[in-house]
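In this note's numbering, the protein residues as written are 13 to 158. Below: one structure, written as structure tokens.
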Ligand code: NI
């Protein structure tokens, strides 16, 4: 990733805001930045935001999409397994397949293959990622049309 410079004009247009973050997470983020040679945290965060917004734009389209959703969660968290299963049954037509792997004594990895309208897939993924106890969630979505 090439370093990006900002003109004075661009700087004047920037808005500053505070972010609360766990020290350990910030440390890992900084290590990742060093690997891809970002000039500063701000630029990396801006790129992450742009990337997510671009993904969401695709997802809002009414195209037929195919997607994988990766979830990591602690199965001992209050009723989480039942909650995730119930929500998947509610959307059974869109859940093509699931794989469940027990990562260690506590954590589970679940990968779902989803198919349907891009907007609906995105919304469903947001719901699952938003379930309390889900530690990590990532949707990779692409069009299923020619
Ligand atoms: Ni498990």
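The beta-carbon is built from N, C-alpha and C at its ideal position, and this holds for glycine as well. These figures come from a predicted structure and were not determined experimentally.
Listed in chain order, the alpha helix (DSSP H) elements of length 4 or more contained wholly in the region 19-102 are 20-24, 35-48, 53-72 and 92-102.
Under the DSSP assignment, residue 144 falls outside any beta strand (DSSP E); it carries neither an H nor an E label. Membership of residue 126 in the beta strand (DSSP E) is indicated by the continuous run 119-129. The Cβ neighbour count for residue 88, taken over all protein chains shown within 10 Å, is under 16; the residue is labelled exposed.
In its chain, beyond the 5 residues on either side, 121 have a beta carbon closer than 6 Å to the beta carbon of residue 113.
For residue 52, the shortest C-beta to heavy atom distance toward the ligand NI is 7 Å or greater. A heavy atom of the ligand NI is found nearer than 7 Å to the CB of residue 87. Taking C-beta separations shorter than 6 Å and ignoring five residues to either side along the sequence, the partners of residue 141 in its chain run 149, following chain order. Around the beta carbon of residue 33, fewer than 16 other beta carbons sit within 10 angstroms, so the residue counts as exposed.
Residue 92 sits close to residue 143, with the two beta carbons spaced by under 8 Å. Beta-bridge pairing by DSSP links residue 114 to 120.
Only exposed fits residue 61, as fewer than 16 other CB atoms lie within 10 angstroms of its CB. Around residue 110, the same chain offers 100, 122, 123, 124 and 125 as residues with beta carbons nearer than 8 Å, after the five sequence neighbours per side are excluded.
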